[in-house]
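Note sheet for the following structure.
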Amino acid sequence: MFDDIHPMARKTEARGSAAAASGRHTPADVDGVAASSFLWSTTVLAPSTAVAVALFALLIRLLVSLGPYSGQGTPSMYGDYEAQRHWMEITLHTPTAEWYRNTAANNLSYWGLDYPPLTAYQSLAHAFLINASIPESLALSSSRGFESHKSKLAMRWTVLSSDLLVLFPAAIYFVSVYFRRNVGGDAKGRSSPWFLAMILLNPCLILIDHGHFQYNCISLGLTLGAIAAILSQKEITASILFCLAINHKQMSLYYAPAFFSHLLGKCFRRKNPIFEVLKLGLVVIGIFALVWWPYIHSVQSVMEVIHRLAPFERGVFEDYVANFWCSTSMLIKWKRIFTISTMRFICSIATILAFFPSFVQQIKSPSDLGFLYSLLNSSFSFYLFSYQVHEKSILLPLLPASLLALQEPTLFGWLINCSLLSMYPLVCRDKLSLQYGSVLALFALIFYAPHGKQHGRVDKSSTKRVALLTVGLICSAVLHLVYLGLEPPKRYPFLFEALIMSFCFSQFVIYTVYTNIKQWMLLDHSSLKMRVKKDS
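Using our numbering, read the sequence shown as starting at 1 and increasing by one per residue.
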């Protein structure tokens with residue numbers, strides 16, 4: 001990966017030296033500050049710069065991980081930390097065939113495994129490492145609720161290592177491909193280090209993975225690698241990585257309409273479209289067969305896994321999530337009015353209708369930038385309207401939003417703010433308020449860094465947009481203060497959570513409508529370019 005970047009860095013340095021000798025200015029110098037004098041002022045992601053940003057992102061993760069985790073010291077079910085520990089215990093001590101089956105050793109009512117087999121294999125790999133040093137923390141049955149400082153460190157390191165091995169390389173790969181392919185148009189004045197920082201310093205992801213405790217970095221990293229492979233014209237590699245992402249966390253299906261429509265649109269424009277579709281289809285079937293190999297020999301085993309992956313009995317949403325069903329449930333009691341099967345059908349239709357415009361646009365006119373917008377619109381469609389969504393699912397739209405940070409810097413910053421606010425009640429339950437404020441302040445500091453997003457490409461917001469965003473920020477600040485400082489009425493104990501969710505939902509809807517319009521504007525732009533070519 002660095003080999004692709006390093007020659008560009010050497011060429012830039014050589015041009016800069018030659019220009020200095022002759023008294024001329026390089027393009028980087030013309031933009032304001034020479035790349036050598038300020039870290040952000042370059043579109044070239046040199047290895048040393050990428051390592052510096054990655055190490056800083058790692059440091060922030062380490063500091064957040066020193067705080068509490070989900071369910072710490074709260075029996076009997078504890079929280080997501082205990083769920084991940086328990087999955088390690090089960091995968092280590094029980095046969096593969098019993099991982100998704102209710103048995104004497106594996107009581108599914110106590111944090112039963114509910115993610116695809118790749119998550120189970122990851123849990124087993126981490127179990128081998130932890131069992132070698134702290135076997136009592138993974139003892140079958142007797143280790144339930146096990147907590148110690150040493151085991152906490154070991155568990156935290158499994159997340160950190162997953163980040164370093166999957167998400168970090170994928171982010172560096174994407175940024176290098178993005179600028180090499182010139183995805184966002186004229187690259188002059190834009191900052192690749194700032195762009196990488198926006199991806200790696202996503203405060204929501206850091207708080208959930210390294211505070212609350214999860215492994216979203218693996219599925220998101222695999223998805224990001226697949227996106228970069230798409231931009232590099234490596235469709236088979238992209239298909240492999242995205243299938244692995246789905247098999248790690250089924251929520252990666254939020255991106256499936258974007259991947260499917262983009263690849264299908266590309267196949268239709270090639271000499272043998274049927275062959276191209278069949279080739280990618282065989283890759284998908286092969287990866288799924290490989291991952292599900294221990295279970296595909298029995299229909300019963302396959303159905304046991306699928307049943308665990310689709311826990312419809314949990315309801316249309318969990319806790320307070322800023323989507324359509326939760327925000328409108330104050331007025332319409334969806335869970336009381338409709339049965340689970342009817343609600344599933346309604347959610348499916350609403351989700352399909354929401355992502356369909358974006359889906360059609362990519363089939364008609366697949367493009368690199370359109371693909372990034374399609375990923376955002378597709379994932380937001382699922383977040384807003386699909387069945388069984390929880391507050392942490394906002395991480396899925398945030399990934400493509402961060403990949404569009406250079407195109408939509410102001411709106412990206414606003415989306416980060418709203419996403420953090422939507423997770424605020426969860427963060428308070430986890431006692432992570434200090435970490436929340438710290439990562440938000442740090443993100444804002446880097447987001448508004450000189451020669452970052454503002455360098456070259458200015459986000460030409462209208463006066464109305466700036467006014468709306470200002471009002472939104474004031475509302476967000478007020479909601480934070482209200483939630484922290486006031487007691488809700490006894491009759492409505494979750495009033496403040498409902499207000500936060502309703503506000504965030506309204507902002508997410510506005511954002512989604514805007515990005516759908518922007519995606520279709522790309523189609524008009526490409527049609528205009530085609531007409532100009534024909535006329536010339």
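We treat Cβ as the ideally placed atom computed from N, Cα and C, and that holds for glycine. Keep in mind it's a predicted model, so treat the numbers as computed, not measured.
Handout entry: Distance between tyrosine 373 and histidine 93 (C-alpha atoms, nearest Å)
Key = Computed Cα separation, rounded: 44 Å.
Exercise for the section: Whole angstroms is fine: what's the gap from phenylalanine 338's alpha carbon to valine 509's? Expected result: Spanning the alpha carbons of phenylalanine 338 and valine 509 requires a straight line of approximately 24 Å.
Problem - Any 3 or more C-beta pairs closer than 8 Å across the stretch 315 to 327 and the stretch 371 to 391 - result: Yes, since at least three Cβ pairs between the stretch 315 to 327 and the stretch 371 to 391 fall closer than 8 Å, the two stretches touch.
Problem - Within 8 Å, strictly: CB atoms of leucine 376 and alanine 405 - result: Not a contact, by the Cβ cut-off of 8 Å.
Handout entry: arginine 101 to tyrosine 110 span [Cα, whole Å]
Key = The C-alpha of arginine 101 lies about 12 Å from the C-alpha of tyrosine 110.
Handout entry: Chain-order list of residues whose beta-carbon lies under 8 Å from that of methionine 77 (same chain, five-residue window excluded)
Key = The beta carbon of methionine 77 lies closer than 8 Å to those of Gly71, Tyr110 and Trp111 in the same chain, with the five residues before and after it left out.
Handout entry: Cβ of glutamine 519 within 8 Å of any chain C Cβ
Key = Absence of chain C from the displayed structure is noted, only one protein chain being present.
Exercise for the section: Determine the direct distance from the alpha carbon of serine 192 to that of glycine 221, and round the result to whole angstroms. Expected result: Each residue's Cα considered, the two are about 18 Å apart.
Practice task
Could you check what DSSP says for valine 389 in three-state terms: helix, strand or coil?
Solution key: Collapsing the DSSP output to three states places valine 389 in a strand.
Handout entry: Counted within 10 angstroms of its Cβ, other Cβ atoms place phenylalanine 174 as buried (16 or more) or exposed
Key = So phenylalanine 174 counts as buried.
Exercise for the section: Could you tell me which residues DSSP pairs with phenylalanine 317 in its beta bridges? Expected result: According to DSSP, phenylalanine 317 bridges with Val389.
Problem - Inter-residue spacing [alpha-carbon to alpha-carbon] between aspartate 459 and glutamate 408 - result: A caution first: aspartate 459 carries a pLDDT of 47, below 50, which makes its placement in the model unreliable, though a value can still be read off. Looking at the two C-alpha atoms, the distance is approximately 7 Å.
Exercise for the section: Please list, in chain order, all residues of the same chain as leucine 523 whose beta carbon is under 7 Å from its beta carbon, the five residues on each side excluded. Expected result: Gln361, Lys364 and Ser365, listed in sequence order.
Exercise for the section: Taking 8 Å as the cut-off, decide whether the C-beta atoms of aspartate 80 and valine 159 are in contact. Expected result: No.
Problem - DSSP three-state assignment for glutamate 408, whether helix, strand or coil - result: Glutamate 408: coil per DSSP, three-state reduction.
Problem - Closest by C-alpha distance to valine 513, when choosing among Pro357, Leu420 and Asp430 - result: Nearest C-alpha to valine 513: Pro357.
Handout entry: Cβ shell of alanine 21 (< 7 Å), same chain only, five flanking positions each side left out
Key = Since pLDDT at alanine 21 reaches only 44, below the 50 mark, its modelled position is unreliable, and no value is offered.
Problem - 6 Å CB neighbourhood of proline 294 in its chain, flanking five on each side removed - result: Once the five neighbours on either side are set aside, the close Cβ partners of proline 294 are Thr96.
Exercise for the section: My understanding is that leucine 165 touches histidine 248, with C-beta atoms under 8 Å, so please give their C-beta distance in whole angstroms. Expected result: About 13 Å separates the beta carbon of leucine 165 from that of histidine 248, a gap too long to meet the 8 Å contact definition.
Problem - Helix, strand or coil at tryptophan 520 [DSSP, three-state] - result: In this structure, tryptophan 520 counts as helix in the three-state DSSP scheme.
Practice task
Taking valine 284 and serine 239 to be in contact with their CB atoms under 8 Å, please state how far apart those CB atoms are, rounded to whole angstroms.
Solution key: Going by Cβ atoms, the distance from valine 284 to serine 239 rounds to 6 Å, so yes, they are a contact pair.
Exercise for the section: Answer yes or no: do histidine 212 and aspartate 430 have a C-beta to C-beta separation smaller than 8 Å? Expected result: Closer than 8 Å, so yes.
Exercise for the section: Check whether the Cβ atoms of leucine 420 and leucine 396 lie closer than 8 Å to each other. Expected result: In this structure, leucine 420 lies away from leucine 396, with their beta-carbon atoms at least 8 Å apart.
Practice task
Out of Ile474, Leu469, Leu415 and His480, state which residue places its alpha-carbon closest to the alpha-carbon of serine 433.
Solution key: Nearest option by C-alpha distance: His480.
Problem - Assigned secondary structure, serine 261 (DSSP; H/G/I helix, E/B strand, else coil) - result: Under the three-state reduction of DSSP output, serine 261 falls in the helix class.
Problem - lysine 490, DSSP secondary structure in three states - result: Here lysine 490 carries a coil assignment [DSSP, helix/strand/coil].
Handout entry: C-alpha distance - glutamate 136 paired with alanine 258, whole-angstrom precision
Key = Near 45 Å, if we compare the C-alpha coordinates of alanine 258 and glutamate 136.
Handout entry: As assigned by DSSP and simplified to three states, the class of valine 561
Key = Only positions 1 to 536 of the chain appear in this structure, which leaves residue 561 out of reach.
Practice task
Following the continuous alpha helix (DSSP H) through alanine 54, name the residue where it begins and the one where it ends.
Solution key: It spans 47 to 65 - the alpha helix (DSSP H) in which alanine 54 sits, taken as one unbroken run.
Handout entry: For leucine 138 and leucine 399, believed in contact at Cβ under 8 Å, the rounded distance
Key = Under the criterion of beta carbons closer than 8 Å, leucine 399 and leucine 138 do not qualify as touching, at roughly 31 Å.
Problem - Where asparagine 182 falls, given that 16 or more other Cβ within 10 Å makes a residue buried - result: Counting Cβ neighbours within 10 Å, asparagine 182 comes out exposed, since fewer than 16 surround it.
Problem - Sufficient close CB pairs (3 or more, under 8 Å) joining the stretch 340 to 352 to the stretch 272 to 292 - result: Contact fails: fewer than three Cβ-Cβ distances are below 8 Å.
Handout entry: Cut-off 8 Å between Cβ atoms - residues of its own chain near cysteine 217, not counting five sequence neighbours on either side
Key = Here the set comprises Val159, Ser162, Asp163, Val166, Leu167, Leu205 and Asp209.
Problem - Residue of His126, Ile60, Ala444 and Glu497 minimising C-alpha distance to threonine 91 - result: Of His126, Ile60, Ala444 and Glu497, the smallest CA-CA separation from threonine 91 is found for His126.
Handout entry: alpha helix (DSSP H) segments (min. 4 residues) lying fully within the stretch 163 to 214
Key = Listed in chain order, the complete alpha helix (DSSP H) runs (minimum 4 residues) inside the stretch 163 to 214 are 168 to 180, 192 to 200 and 203 to 207.
Exercise for the section: Could you check what DSSP says for phenylalanine 447 in three-state terms: helix, strand or coil? Expected result: Secondary structure at phenylalanine 447: helix, using DSSP grouped into helix, strand and coil.
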